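Let me begin by presenting the structure, written as structure tokens, before commenting on it.
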Amino acid sequence: MTPVPSSAITIDDDPPQALVGRLRAQLETLAALRLTITYRDLAKAMLLSPPHTIHQVTEALEQLMAEYAAAERPFIAAMVVSKWRTRLPGPGYFDCAARLARFADDASGPEANAFHAGEFSASVALWAHPCPTMATT
4 MTPVPSSAIT IDDDPPQALV GRLRAQLETL AALRLTITYR DLAKAMLLSP
54 PHTIHQVTEA LEQLMAEYAA AERPFIAAMV VSKWRTRLPG PGYFDCAARL
104 ARFADDASGP EANAFHAGEF SASVALWAHP CPTMATT
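Those letters in the sequence shown? Residues 4 to 140, by this note's numbering.
If you want it as structure tokens, here you go:
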């Protein structure tokens, strides 16, 4: 598959920074609920217009990953998974994590599962609201 230059991608009435902000809010909500979402469902939830809706999502996710790496936070992008990869993010997630010096193993090996699980758990821990406890009197 030939990469699509970012200049060829259009997001109607949604500049890339606005999409990143909307994705951040959506993923923080998912982390608070301890839920994942597929790339396709995320593109639909963001009401993205074709062409290349998944590419629009992945570019925004990579920007979020860079921001979170700089802030030394877990990757909120761990909330997004591929329905084809046994509920792991796509290879681009691991490639981006490697470029950001946070992952140095094989994206198809068991290390990928462990890395993703760690990032997912850390994101949930950061954003999840504590479960209310019932007061006993």
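The beta carbon of each residue, even a glycine, is placed where N, CA and C say it ideally should be.
Being a predicted model, the structure only gives us computed values, none of them experimental.
What is the DSSP secondary structure of residue 32, counted as helix, strand or coil? Here residue 32 is taken as the residue at index 29 of the sequence shown, counted from 1. Helix.
C-alpha distance - residue 126 paired with residue 62, whole-angstrom precision: If you number the sequence shown from 1, residue 126 lands on position 123. If you number the sequence shown from 1, residue 62 lands on position 59. C-alpha separation (whole angstroms): 20 Å.
Can you list, in chain order, the residues of its chain whose CB lies under 6 Å from that of residue 51, leaving out five sequence neighbours each side? The residue given as residue 51 occupies position 48 in the sequence shown. Excluding positions up to five away in sequence, the list reads 59.
Taking the straight line between their C-alpha atoms, what separation do you get for residue 108 and residue 114? For the purposes of this step, residue 108 is identified with residue 105 of the sequence shown, where counting begins at 1. For the purposes of this step, residue 114 is identified with residue 111 of the sequence shown, where counting begins at 1. Answer to the nearest angstrom: the Cα atoms are 6 Å apart.
Quick one: residues in its chain with C-beta nearer than 6 Å to the C-beta of residue 94, no 5 flanking neighbours on either side, listed in chain order? The residue labelled residue 94 in the question sits at position 91 within the sequence shown. Only 110 meet the Cβ criterion.
Under 9 Å, do residue 68 and residue 100 count as touching if we go by C-beta distance? Counting from 1 along the sequence shown, the entry for residue 68 is found at position 65. Counting from 1 along the sequence shown, the entry for residue 100 is found at position 97. Yes, Cβ-Cβ distance for residue 68 and residue 100 is below 9 Å.
Exposed or buried, residue 89, counting other C-beta atoms within 10 Å across all chains shown (16 or more means buried)? Here the question's residue 89 lines up with position 86 in the sequence shown. With fewer than 16 Cβ atoms within 10 Å of its Cβ, residue 89 is classed as exposed.
Run of the alpha helix (DSSP H) containing residue 98, from where it starts to where it stops: Along the sequence shown, one-based indexing puts residue 98 at 95. 94-102 is the extent of the alpha helix (DSSP H) around residue 98.
Taking buried to mean at least 16 other C-beta atoms within 10 Å of its own C-beta, is residue 32 buried or exposed? To locate residue 32, count along the sequence shown from 1; it is residue 29. Burial call: exposed.
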